[in-house]
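Asks: All the letters of the sequence shown, read from the start, carry residue numbers 37 to 344 under the numbering used here. No residue lacks a Cβ here, since even glycine has one placed at the ideal position from N, Cα and C. Values in this document were obtained by computation on a predicted structure and should not be read as measured data.
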Amino acid sequence: MPRTMTVEARAAGSGGELRKDSAAMNQQKIIVGYDGSPAARAAATWALEQASRTAEPVEFLYAFEEPLWMPAASMVPAPAVRPPADLEQSVSAMLDQLVATARQTHPGVQAEAATVRAFAGLALIDRSDRASLVVLGCHGHSAVAELLGSVSAAVSAHAHCPVVVVRGDAASSTPVLVGIDGSATSAAVLRFAAEQAAARTVPLRVISAFPPATALWETGPVITRSVTAEERKPFDDLVGELRAAHPEIEITADAVVEHPAAALTRASASAQLLVVGSRGRGLVRGLLMGSVSQHLLRHSACTVAVVH
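#1: Go ahead and label residue 265 buried or exposed: buried means 16 or more other beta carbons lie within 10 angstroms of its beta carbon, across all protein chains shown.
#2: So for residue 328, helix, strand or coil by DSSP?
#3: Check whether the stretch 161 to 172 touches the stretch 120 to 138, taking contact to mean three or more Cβ pairs, one atom from each stretch, closer than 8 angstroms.
#4: The beta strand (DSSP E) spanning residue 228 covers which residue range?
#5: Which of the three DSSP states, helix, strand or coil, is assigned to residue 90?
#6: For residue 197, verify whether its CB is less than 8 angstroms away from any heavy atom of the ligand FMN.
#7: Report the start-end ranges of each alpha helix (DSSP H) in the stretch 252 to 305 that is 4 residues or longer and not cut off at the edges.
#8: Is there contact between the stretch 228 to 237 and the stretch 267 to 286, where contact requires at least three CB pairs shorter than 8 angstroms?
#9: Could you work out which residue in 236, 172, 71 and 268 is closest to residue 32 when comparing CA atoms only?
#10: I need the boundaries of the alpha helix (DSSP H) containing residue 163, first residue and last residue.
#11: According to DSSP, simplified to helix, strand and coil, what is residue 341?
#12: Apart from the five residues just before and just after residue 297, which ones in its own chain have a Cβ nearer than 7 angstroms to its Cβ?
#13: Give me, in chain order, the residues of the same chain whose beta-carbon lies closer than 6 angstroms to that of residue 77; leave out the 5 immediate sequence neighbours on both sides.
#14: Is it buried or exposed for residue 343, if we count other Cβ within 10 angstroms and need 16 for buried?
#15: Determine the DSSP secondary structure at residue 186, reduced to helix, strand or coil.
#16: For residue 84, decide whether its Cβ has a neighbour in chain C, counting only Cβ atoms nearer than 9 angstroms.
#17: What residues are listed by DSSP as bridge partners for residue 244?
#18: Taking the straight line between their C-alpha atoms, what separation do you get for residue 312 and residue 159?
#19: Just the C-alpha distance for residue 199 and residue 270, rounded to the nearest angstrom, thanks.
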């Protein structure tokens with residue numbers, strides 16, 4: 037992974053640069069990938085609301101990618117290229133305004149902004165091992181989006197902490213939705229979803245989707261079937277443990293016969309947050325082969341949290 041070339045930070049309301057000590061660098065925080073786009077502004081708002089519930093600091097991270105992505109210059113030896121001064125000044129003013137506004141709208145949240153000279157996805161993955169959450173908009177500006185896939189896809193596949201991709205505009209009273217598949221990550225996914233539902237004082241809906249039976253060939257008809265009691269038992273046991281641990285949450289559980297991507301996409305229309313797991317099987321496979329979580333990042337009607 038390329039080393040971040042430089043890091044500059046501003047604290048909310050300070051208007052100047054900060055030198056971060058080792059204790060601050062190791063503090064768990066919510067990191068927001070920020071580029072000034074409408075989607076990034078939505079992500080910033082979501083992160084500040086989350087931080088107001090958890091009392092965690094928020095860092096808005098802007099990546100200067102343009103000087104790194106210069107195919108013509110990369111063919112010959114050349115000195116390092118810095119962003120133009122006017123661009124740096126524009127970004128600095130944007131971030132100062134962002135943290136000042138955050139201080140006004142969420143006075144109880146510690147907010148700061150930082151810049152890096154690195155590809156956005158790689159910078160966020162690198163910093164995610166010091167974060168409780170990475171929050172992204174569903175669309176953003178990236179110089180290498182078409183080369184490696186979207187930033188959200190790369191970060192959600194390889195981050196060291198849960199990744200939230202903000203989508204839609206669901207009402208705050210709608211449930212938290214969680215999809216589990218019986219894998220080893222299911223308990224962690226359920227735990228994260230329950231914490232989110234409890235913090236929002238909304239119901240939690242749990243879905244486990246079992247694949248339908250099909251004929252021998254893909255072109256054959258789908259054979260209707262039901263989920264057997266034996267298939268449901270691990271799912272029911274997990275939900276039972278969840279209800280015992282969180283009696284304060286209204287929990288509903290559904291075991292359906294349907295492709296999980298289709299079932300969760302449909303259910304997301306009536307939820308404010310969809311929580312799923314990630315199996316992270318490597319950069320190429322994760323980005324090119326696709327998965328349930330990657331499908332939901334593109335098609336969910338609500339915000340998606342991918343839990344590692």
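Replies: A quick look at the data gives this:
#1: exposed
#2: helix
#3: no
#4: Segment 222 to 236 is the alpha helix (DSSP H) holding residue 228; no beta strand (DSSP E) there.
#5: helix
#6: As far as ligands go, the structure on display features none, and thus does not contain the ligand FMN.
#7: 265 to 281 and 296 to 303
#8: yes
#9: Absent from the structure is residue 32, since the part of the chain shown begins at 37 and ends at 344.
#10: 156 to 163
#11: strand
#12: 328, 331 and 332
#13: none
#14: buried
#15: coil
#16: Among the protein chains of the structure shown there is no chain C, as only one such chain exists.
#17: 291
#18: 23 angstroms
#19: 26 angstroms
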